[in-house]
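Numbering (this note's numbering), first residue to last: 122 to 301. Think of the CB as a built atom: it goes at the ideal place given N, C-alpha and C, for glycine as much as any other residue. All values derive from a computational prediction rather than experimental measurement.
Structure representation (structure tokens):
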């Protein structure tokens, strides 16, 4: 199935979605997404109840902090956001494609573009950014495709599988998005 023929939907997570995210984060056998999504950050293992409770207050602010991405009704992954500095309208965003069936097909780029467009269309945000590591070529490529530029490279600040990588910051300003 080609990405252009598929319907991508972004929405706030239901309890069923949270159970699906839990499966991909903790129970799925291969755990491929963890090799790319901040593998340098140690994440504590949560029980299913703890995981569900940790999402009780999500999406209570002006900007959703977590959205689920579905492709033709099938779970693909999540989009997220967090404030770096609310006073200057500086929001960082990300995408995690848990289901490897949707890797390398353009789904992530389209979903991420939808997320960026939604945020600039429905808020007064001045800038959006991402943080990643130099080993995550796919994330940097997706960010470039939506108009983000590399703004900072902190050399050898991340360790993944015993190897040092650069920490990468990329971003886009509202006026750059408007001029695309």
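Per DSSP, the bridge partner or partners of residue i
i, result
"residue 211", "206, 248"
"residue 200", "188, 216"
"residue 253", "289"
"residue 195", "192"
Residue i classed as buried or exposed, judged by whether at least 16 other C-beta atoms fall within 10 angstroms
i, result
"residue 285", "exposed"
"residue 218", "buried"
"residue 292", "buried"
"residue 199", "buried"
"residue 182", "exposed"
"residue 142", "buried"
"residue 158", "buried"
"residue 169", "exposed"
"residue 146", "buried"
"residue 162", "exposed"
"residue 228", "buried"
6 Å CB neighbourhood of residue i in its chain, flanking five on each side removed
i, result
"residue 130", "191"
"residue 211", "205, 248"
Contacting residues, own chain, Cβ-Cβ under 7 Å from residue i (five flanking each side not counted)
i, result
"residue 133", "180, 185, 188"
"residue 203", "186, 213"
"residue 246", "210, 212, 240, 295"
"residue 257", "157"
Residues of its chain near residue i, where Cβ-Cβ distance is below 8 Å and the 5 sequence neighbours each way are ignored
i, result
"residue 137", "none"
"residue 235", "129, 131"
"residue 287", "254, 255, 274, 275, 276, 277, 278, 279"
"residue 139", "172, 173, 176"
"residue 250", "205, 211, 212, 213, 214, 269, 272, 290, 291, 292, 293"
"residue 283", "none"
Boundaries (first-last residue) of the beta strand (DSSP E) holding residue i
i, result
"residue 292", "284-294"
"residue 154", "Here residue 154 belongs to no beta strand (DSSP E), and DSSP marks it neither H nor E."
"residue 187", "187-192"
"residue 277", "270-281"
"residue 129", "129-132"
Cβ-Cβ separation, residue j to residue i (assumed contact under 8 Å), whole Å
i, j, result
"residue 252", "residue 207", "Not really, about 17 Å apart at Cβ, beyond 8 Å."
"residue 197", "residue 223", "5 Å"
"residue 268", "residue 297", "6 Å"
"residue 281", "residue 160", "5 Å"
"residue 221", "residue 148", "Contact flag wrong, Cβ pair sits at about 15 Å."
Where the alpha helix (DSSP H) through residue i begins and ends
i, result
"residue 142", "136-143"
"residue 237", "228-243"
"residue 263", "258-266"
"residue 172", "169-174"
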